[in-house]
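One structure is given below, encoded as structure tokens.
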Amino acid sequence: MTGKLIVNGRKKLSGQTDIQGAKNSVLPILSATLLTGGENVIHCCPQISDVYSALRILRYLGGSANLEGHTAVIKCDCITRSEIPENLMREMRSTIVFLGAMLARTGQARICLPGGCELGPRPIDLHLNALRKMGVSIDERYGCISCRVRDRLRGAKISLPFPSVGATENILLSAVLADGTTIITNAAREPEISDLCDYLTACGANIYGAGEGTIVIDGVDKLSGCVHTVIPDRIAAVTFLAAAAVTGGKLVLNGTVSSHLDAVIPLFEEAGCRVIAENGKIYIRSPERLRAFKSVRTMPYPGFPTDAQAVMMSVACVAEGTTVFVENIFESRYRHVEELTRMGANIRVANRVAVTEGVERLFGANVTALELRGAAALVVAALAAEGKTEIEGINFLERGYENLEVALSELGADIKKV
Ligand code: UD1
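Last residue of the sequence shown: 452 (this note's numbering), numbering continuous.
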């Protein structure tokens with residue numbers, strides 16, 4: 035535990051804030067640096083604990099990796115290891131993105147994975163099936179996965195039964211240095227996939243169709259480092275929009291790509307907020323009382339992102355009327371509901387559906403975050419609530435948000451870490 039947050043709610047937010055680089059982009063990009071010779075300069079790296087863990091993994095594997103401000107400088111010319119030890123693995127859930135990169139770089143990889151995670155079971159069958167098609171032999175024992183490829187990875191036709199983000203990333207990382215062509219159908223189309231492809235292309239990879247359902251990769255013999263700027267974090271942007279909405283606030287978010295939020299911004303408008311997106315900025319002005327926004331169904335991109343479900347539920351909690359949430363991506367992604375209920379929210383959950391009846395007021399309470407986006411949802415609810423909220427478990431928040439409490443207090447929130 036790294037402490038807790040104390041929030042005194044119902045302070046209107048106003049002002050402007052810069053949006054951090056995307057966590058879900060930077061992690062696969064950092065693992066992709068393993069594939070390159072020479073120097074990588076990665077700008078807009080968020081200062082979050084998952085990034086620190088990824089840099090520690092790169093150093094453990096033999097690379098040099100330093101973060102100065104928001105710029106990481108990485109060299110992976112002397113990679114000496116191809117396994118991630120358990121202590122590093124425990125620090126970061128998404129170590130699986132290192133699998134494809136380690137394999138492509140060294141011909142072998144060993145990772146031990148925890149059985150479940152904060153979002154329920156997190157299977158990796160799609161990753162492993164794809165790697166097998168590319169010539170990898172895989173031994174799974176006692177929760178550890180050992181992969182080996184005899185000569186070189188070979189290109190393959192891979193049709194994903196579900197457009198998994200992580201599986202698409204691992205296939206890309208394996209395919210860029212494989213022998214021949216790889217075709218991924220039903221690939222994930224998230225902006226973070228396009229960002230990874232942009233990085234790899236700048237390193238010398240041949241990738242066609244990034245951001246589309248079919249991606250074609252012609253393997254090359256080697257990749258060199260490059261200079262790359264990570265895209266803005268669309269989920270951090272939604273979190274600030276939500277914070278503005280529930281406090282009747284007025285904010286400007288700098289450094290955003292509003293098209294990445296096409297499935298989300300209309301919900302804020304439906305709730306009665308005025309939202310204008312232009313020139314990389316998003317302006318939001320919120321009414322005194324929000325209206326419910328009928329339904330939210332999480333889907334693969336370009337649908338509504340599962341990572342924004344929890345914070346939008348906090349918005350729905352104080353909006354007038356009924357909002358229905360359907361979580362289609364993860365099995366167990368309503369762990370914030372019980373804590374929101376402690377603050378006076380009216381939410382009923384049945385399997386993948388949560389029905390929120392907006393209340394006039396939430397009230398401060400002692401609550402505990404159990405995962406990253408749930409933690410952000412509790413912060414948003416606390417900003418809306420009457421009185422004092424204490425939020426424990428903020429180590430989860432720090433996995434993905436850079437100094438959220440500092441940014442919010444600069445915008446007028448009464449929030450501090452103790
Ligand atoms: C990534 C994001 C996460 C986001 C999710 C969906 C990172 C570090 N994490 O996670 O924040 O919530 O995308 O947008 O980028 N599945 C299988 N078998 C597999 C792989 C996935 O059944 O081999 C299932 C999962 O259990 C889940 C669904 O597919 O139900 C989506 O998973 P996936 O898209 O792979 O998400 P992640 O890459 O884990």
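We put the beta carbon where it would ideally sit given N, CA and C, even for glycine.
When the options are compared against residue i, the one with the closest alpha-carbon
i    : options                : result
P339 : I363, S329, V349, V291 : I363
M168 : R382, S292, L211       : L211
A135 : T215, R182, L438       : R182
I82  : Y335, V75, V330, E102  : E102
P80  : A222, D232, K45, L61   : L61
G259 : L438, A418, A106       : A106
Y335 : I316, V298, C351, C307 : V298
V358 : E391, M377, D185, V75  : E391
K191 : M377, I251, V414       : I251
P266 : T356, H104, K284, R184 : H104
Y242 : E226, I218, E365       : I218
A447 : A342, C351, L285       : L285
M377 : E424, M333, R407, E365 : E424
C351 : C78, A419, A56         : A419
Beta-carbon spacing of residue i, residue j below 8 Å
i    : j    : result
L324 : E354 : yes
V360 : R386 : yes
S65  : F132 : yes
R223 : E246 : yes
K109 : S98  : yes
G96  : T114 : yes
L417 : A277 : yes
G37  : V291 : no
V371 : A388 : yes
T248 : A221 : yes
T281 : L47  : yes
G189 : G238 : no
G49  : L445 : yes
D213 : R433 : no
C307 : I316 : no
I91  : I63  : no
A270 : Q54  : yes
I40  : K450 : yes
Buried versus exposed call for residue i [16 or more other C-beta atoms within 10 Å across all chains shown]
i    : result
K256 : exposed
N58  : buried
Y368 : buried
H294 : buried
C112 : exposed
V440 : exposed
V309 : buried
A344 : buried
V261 : exposed
P321 : exposed
N100 : exposed
S171 : exposed
D229 : buried
R175 : exposed
D296 : exposed
G314 : exposed
E303 : exposed
V414 : buried
D185 : exposed
E405 : buried
M35  : Confidence in M35 is poor, its pLDDT being 48 and thus under 50, which makes the residue's placement unreliable; the coordinate value appears in the next sentence. Per the 10 Å Cβ criterion, exposed.
Own chain residues within Cβ distance below 7 Å of residue i, not counting five before or after
i    : result
G150 : Confidence at G150 is low in this model, with a pLDDT of 48, below 50, so the placement of that residue should be treated as unreliable; the coordinate-derived value is given next. So the qualifying residues of the chain are R156.
E21  : As displayed, the chain neither begins before 35 nor continues past 452, which places residue 21 out of reach and without an answer.
A201 : L160, H161, A164, L194
A208 : Note on identity: in this sequence residue 208 is Ser, with Ala being the wrong assignment. Contacts found: G134, L137, A138, L165, M168, L187.
C146 : E120, M123, G177, C178
A305 : A279, L324, R325, F327, V349, A353
M346 : A276, L301, V330
E312 : none
T375 : I381
S198 : L160, A222
Own chain residues within Cβ distance below 8 Å of residue i, not counting five before or after
i    : result
M421 : Note that residue 421 corresponds to Gly in the displayed sequence, not to Met. The answer, listed in chain order, is N42, G43, F397, G398.
I130 : I145, L147, I158, H161, G200, N204
K45  : T281, L417, G446, A447, D448
Neighbourhood of residue i by C-beta, 6 Å cutoff - its chain only, sequence neighbours within 5 removed
i    : result
A409 : A403, F430, L431
Y435 : none
D52  : N288, G289
E73  : K109, G259
S180 : R144, D173
T215 : G189, D252
Q142 : S116, R182
T356 : A326, E391
E426 : K38, T402
T140 : S116
Residue i CB to nearest heavy atom of the ligand GTP below 7 Å
i    : result
L257 : Annotation note on the ligand GTP: not contained in the displayed structure, which lists the ligand UD1 as its ligands.
Proximity test, Cβ basis, 8 Å: residue i and chain C
i    : result
P197 : Absent from the structure: chain C. Only one protein chain is present.
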